[in-house]
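The sequence shown: position 414 = 537 (my numbering), numbered continuously. In this text, a Cβ means the ideal position worked out from N, Cα and C, and glycines have one as well.
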Amino acid sequence: MPATRLTLIANASQTNRCPLLLPSSDSDILTAVFTTSKAKLRIKKPTRVFLRGGHELFTSDDIQQYLKDDLVLLISAGEAYVGNTKAPPSTTCTVHTITSQLALDPVSLSQLAECAKLPGIISAVGLPDLHPGTRFPIGCTFISDGYIHPPLIGGDIGCGMSWYRTTLKADKLWDAAGVKKVAGNLVGLEGEWLGPAEREAWLSCGTADGKSLSVGADWDRYLGTIGSGNHFAELQVVEDILPYTYNDGTGQVYTPPFAPDEVILLVHSGSRGYGQHVLSQFYNSSSTEADISIPATDPKALSYLTLHDAACAWAQRSRDLIALRFLCCLESSLWDSPEANIPAYHAAIQERKAMDIHHNNVTLTPWPPAAPDTTKAIYIHRKGAAPSTPSTPFLPLPGSRGTPTLILRPLFSEATGHGAQNALSLAHGAGRVMSRSKARVGIARKYNGDTEVMTNMKPFSRSGKGRVVEGAGWVVCDDKELVWEEAPEAYKDVEVVGEEMVRCGVAAVVGRVVPRVTYKVRRE
């Protein structure tokens, strides 16, 4: 193999430079660099090597990662890097999609590949619900070593889903009259919940030393509200569920979370604007490429993670409050006057909660999975990706109002690297196949602007795109544009998304629940 042509520059006097022709057989690159630096650059004791931008290389293997013709190395006698610092490009990233038959949008694949080039990214995984974002894709996970990338998580930090049990009877939710009556009871869910004192009390329940999870009065007033876009709260009936047991490896054995015909509440909501406020402090429309990535050792990274964690905790507490507000409407005899004893009602909601996850967040995690002797801490960035770990024995895979939500059980095996192949993540939903603007125009035109086709259980055909539940369900959505944006036809077939993960060996479908009443927004 031919030699590699390098340029060595004296860090302290950068007009002083020399070439180095490195033989392919030379494995001790660092010694060759230092020897040439002494002879040609007249650096008496070279001890440090930098890339342009200030990224330091400590070993021959470090240099090998970036080795190519015309590579520039700055050589130091111990002094710090001279010049403006910037993050190095990623060199060892694998890009993988959890699909075998489902074709993914080429724009989203291009976005995934571009993000894989960011500093520190060692794995980029597109899930079956992968679809394009404005610049950064949705339905994906990135493993990063030594860097935080706030834009990869996006503005709705802490967005996720929670499942709660109810005491409602399934037979009350199967015909149009029944679901219409239940939907009619869902009032008073918009706007602020009680007053600042009650919200503060809710945010202080069950925390260490009663410490509040408040993120400020301007944001706390949105606590317990669903939001717009694809957020919702949905009453579902368990259609079928497979009997199974699951051992998480610690001796904890799990059994099916729900029973057939049980009525459950799925809440999908996030940090209600606060997460975007956090992101804007680190990245916005005027930011440059260099602003995307923050070294984990930079104080800015700690600042971001502190605000990020606050947004996640707030979002989880907000989902609990959404559930309480719903149950106050649906089980009024059991949930009378929560303001009278907020800690007791908070505890009661925890007893009803079957699951809670974030699918927009970053976590510090040992890597690779199932290799305790060789792991190091890395950052898993999830954007529209559900966490798949032994401590999450079941997960929801929501469809799109008229299609079921699948109950998934994460799988781990040697074939998938015990979760490394899918970056310890599963799809968080069906994933869009149509932009919101196209859905507003195209789907509205298809149904002649009749939103009742989508909201009031009028039957319709989707030409094979997804299994539409017979009779669908009732949808509370007084925003006509949102009805079309969130129409089932704007989304992928949830059954196909689930099948892709089954074929790839990362999940099993262990049950299905069907939507009966979906709440989006009500003009009150």
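Considering only residues of the same chain and omitting the five flanking positions on each side of Val633, which have a CB-CB separation below 8 Å?
-> Ile364, Leu365, Tyr367, Pro379, Phe517, Ile530, Leu531, Arg532
Can you tell which of Glu462, Asp228, Glu454 has the C-alpha that lies nearest to the C-alpha of Trp325?
-> Glu462
Once you ignore the five residues that flank Leu194 on each side, which residues in its own chain have a CB closer than 6 Å to its CB?
-> Leu129
Could you check what DSSP says for Glu575 in three-state terms: helix, strand or coil?
-> helix
Within the stretch 471 to 554, ranges of the beta strand (DSSP E) (whole runs, at least 3 residues) = 476 to 481, 483 to 490, 499 to 506, 508 to 510, 518 to 520, 528 to 533, 548 to 550
What three-state label does DSSP hand Leu145 in the structure shown?
-> strand
Are the stretch 346 to 357 and the stretch 620 to 632 touching, with three or more C-beta to C-beta distances below 8 Å?
-> no
Please look up how many angstroms separate the CB atoms of Ile465 and Glu315, rounded, as I've assumed it's under 8 Å.
-> Their Cβ separation, rounded to whole angstroms, is 15 Å, which puts Ile465 and Glu315 out of contact at 8 Å.
Excluding the five sequence neighbours on either side, which residues of its own chain have a C-beta within less than 6 Å of the C-beta of Leu197, listed in chain order?
-> Ile132, Asn134, Phe173
DSSP three-state assignment for Leu317, whether helix, strand or coil | coil
How close, in whole Å, do the beta carbons of Arg568 and Thr641 come, if the pair is a contact with beta carbons under 8 Å?
-> At roughly 23 Å, the Cβ-Cβ gap does not stay under 8 Å, so Arg568 and Thr641 are not in contact.
In chain order, what residues of the same chain have a beta carbon less than 8 Å from the beta carbon of Leu296, not counting five sequence neighbours either side?
-> Val302, Val305, Leu358, Val360, Val386, Arg639, Val640
Near Gly249, which residues of its chain fall below 8 Å by C-beta distance, leaving aside the five closest residues on each side in sequence?
-> Val218, His219, Thr220, Ile221, Thr222, Leu227, Ser231, Leu232, Leu235, Pro260, Gly262, Cys263
Exposure label - Asp184; buried when at least 16 CB within 10 Å | exposed
Would you please state the rounded distance, in angstroms, between the beta carbons of Gly522 and Val617? I believe it to be under 8 Å.
-> 4 Å
May I ask you to list the residues that DSSP assigns as paired with Ser285?
-> Val390, Asp479
Would you give the residue range spanned by the beta strand (DSSP E) that Lys114 belongs to?
-> For residue 114 there is no data in the structure shown, the boundaries of the chain being 124 and 647.
Reduced DSSP secondary structure (H/G/I, E/B, other) of Trp437 = helix
Considering only the beta carbon of each residue, do Pro510 and Ser536 sit closer than 8 Å?
-> no
Exposed or buried, Ser460, counting other C-beta atoms within 10 Å across all chains shown (16 or more means buried)?
-> exposed
Neighbourhood of Ala413 by C-beta, 6 Å cutoff - its chain only, sequence neighbours within 5 removed = Lys209
Which full runs of the alpha helix (DSSP H) of 4+ residues lie inside the stretch 200 to 265, going along the chain?
-> 229 to 238
Alpha-carbon spacing of His482 relative to His391, whole angstroms = 10 Å
If you draw a straight line from the C-alpha of His469 to the C-alpha of Val564, how long is it?
-> 43 Å
Candidates Asp294, Arg635, Leu444, of which the one nearest Ser394 by Cα | Leu444
Near the ligand NAP: Leu365 beta-carbon under 7 Å from a heavy atom = Looking at this structure, you won't find the ligand NAP or any other ligand, since it has none at all.
Beta-carbon gap between Val401 and Ala434 smaller than 8 Å | yes
First through last residue of the alpha helix (DSSP H) which encompasses Arg568 | 559 to 569
Which term fits Asn353, buried or exposed, when burial requires 16 or more other beta carbons within 10 angstroms of its beta carbon?
-> buried
CA-to-CA distance, Val598 to Ser586, given in whole angstroms = Since pLDDT at Ser586 reaches only 44, below the 50 mark, its modelled position is unreliable, and the value read off the structure follows with that caveat. Approximately 21 Å, taken between the alpha carbons.
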